[in-house]
Amino acid sequence: MPFDRRVWQEANALKEAGWAVSVICPKNDKFPENYVCINDIHIYRHSLPLEASGKLGFVLEYMAALFHELRLLVKIYRKHGFDVIQACNPPDMIFLVTWPFQLLGKKFVFDHHDICPELFAVKFNRKGLLYKTMLLLEKLTYLSADMVITANDTFRNLCAGRTGKAADKVVSVYSVPDHKNMHRVEPRTDLKQGKRLLVGYIGIIGNQDGVDHLVRAMAHLKNNMGVTDVRAVIIGDGPDLQAVKALAVDLKVTDDIEFAGYLSGETLMSTLSAVDIGVIPDPYNEYNDKISMNKVFEYSKLGIPIVSYPLQETMRLLGDAVEVATTNDDAGLAEAINRLRDDTRRTEMGQKALDRAAHSFSWDTEKEKYVAVFEKLIADKE
């Protein structure tokens, strides 16, 4: 925090509604302080081991997170006090740190960011005992929570069904960017380097995010399709950044791709404003098929035409405002990008994305649903 846009918008929404807000989150190189106060929101940060790369690492990462969350919850309870705990996953064992405070009459809201069983299955390519354990932990989290907020309707329908949580206790709140922070500005002119079009990606660079697909697609465009008028900018950071950079070297496309790193504020907006085609390279799998990615809302808000694989939740959100790859590989992604090289088609798809955002993606609407969850809990308590 404040890097996590969803949680930061939620925290500010509560503050604007008159709540006192404290946040517990991991720290990193860009946000190394143990404590800061921003916008009258108290932010307590803790360290974590490196991102899990195996089953043991997965467990260690979860255990470390739970230890620090409980430690800081006790600290905040003593220093500030609170009425409601909102906990976001992963891990799905986070309900364990809320139990002592629920015994004291505090309410627990679970903000469901990730479907961890599906994420686990994709990361480790199996559905054995540990997968079943993840399903059990998800169920215990849902049943422990006084209210559940899901990141989309697909999560709500899937998880409420398989956990048995009452439907009126589960509300979906989408991670739509606040329009005040997502707007076009004067675009950067240094990114295209003489090319006609700029392809863009924004997001985490992890092993399930498909940035390697984008790098391979750029190589396919150049080497197999003879397309030489396109360059790419990759905005973001993550555990697979160095591997993706190495892939670009191996495929000899380093001159065709700009790795911009983590950007924010006007620098982010000027970079996105230069993008002609926004790519969602996350390949089809059981996890990606069900998540609503921030990129969907960010590209749409700026009227950037979008390319994606045929993912259920992405297509449900965008309808016909997305150019869909016909195959789940870098060749299919490259062909979809190539179709948007046509000026008329690209303009049409950009307008469709903008219209979709104007009619369907409003943080003001999502914010009302979000704050109402907390107001209802307090009203019921009284």
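Taking the working numbering as reference, the numbering of the sequence shown is continuous, increasing by one, and the terminal residue is 382. Positions of the beta carbon are idealized from the N, C-alpha and C atoms, including for glycine. Since the model is a prediction, treat every value here as computed from it, not as a measurement.
Exercise. Thinking C-beta only, is Phe297 closer than 8 Å to Val199?
Worked result: no
Exercise. So what does DSSP say about Ser360, is it helix, strand or coil?
Worked result: helix
Problem set entry | Separation of Arg196 from Pro91, as counted between CA atoms | 44 Å
For this session: Identify whether Ile94 lies in helix, strand or coil by the three-state DSSP scheme.
Result: If DSSP states are grouped into helix, strand and coil, Ile94 belongs with coil.
Problem set entry | Same chain, Cβ closer than 8 Å to Asp237, neighbours up to 5 away in sequence not counted | Ile204, Ile205, Gly261, Tyr262
Exercise. What are the start and end residues of the alpha helix (DSSP H) that includes Pro117?
Worked result: From DSSP, the alpha helix (DSSP H) with Pro117 extends over 116–124.
For this session: Within the same chain, show all residues whose beta-carbon is closer than 6 Å to that of Ala321, passing over the 5 residues directly before and after it, in chain order.
Result: Lys352, Ala353, Arg356
For this session: Below 6 Å CB to CB, which residues in the same chain sit around Glu366 once its five sequence neighbours on both sides are set aside?
Result: Contacts found: Val173, Tyr174, Val176.
Exercise. Which residue's Cα is closest to the Cα of Tyr422: Lys165, Leu135, Val122?
Worked result: Outside the shown range of the chain (1 to 382) lies residue 422, about which nothing can therefore be said.
For this session: In the DSSP assignment, find the alpha helix (DSSP H) that holds Thr327 and state where it starts and stops.
Result: Segment: none, Thr327 is in no alpha helix (DSSP H) and carries neither H nor E.
Exercise. Are the CB atoms of Leu73 and Met93 nearer to each other than 8 Å?
Worked result: Here Leu73 is not near Met93, since their CB atoms are 8 Å or more apart.
Exercise. In three-state terms, what does DSSP make of Leu198?
Worked result: strand
Exercise. What three-state label does DSSP hand Met225 in the structure shown?
Worked result: Coil at Met225, not helix or strand.
For this session: With distances taken Cα to Cα, identify the nearest neighbour of Asn89 among Arg316, Gly350, His112.
Result: Out of Arg316, Gly350, His112, His112 has the C-alpha closest to the C-alpha of Asn89.
Exercise. Over what stretch of residues does the alpha helix (DSSP H) that includes Val249 continue unbroken?
Worked result: Per DSSP, Val249 belongs to the alpha helix (DSSP H) from 241–250.
Problem set entry | the stretch 333–350 touching the stretch 138–157, judged by at least three CB pairs closer than 8 Å | No, the stretch 333–350 is not in contact with the stretch 138–157.
For this session: Pick helix, strand or coil for Tyr35, following the three-state DSSP scheme.
Result: If DSSP states are grouped into helix, strand and coil, Tyr35 belongs with the strands.
Exercise. Is Lys369 closer than 8 Å to Val171 when the C-beta atoms are compared?
Worked result: Taking 8 Å as the cut-off, the Cβ atoms of Val171 and Lys369 count as close.
Exercise. Does DSSP classify Arg78 as helix, strand or coil?
Worked result: helix
Exercise. Counting along the chain, where does the beta strand (DSSP E) carrying Lys107 start and finish?
Worked result: Per DSSP, Lys107 belongs to the beta strand (DSSP E) from 107–112.
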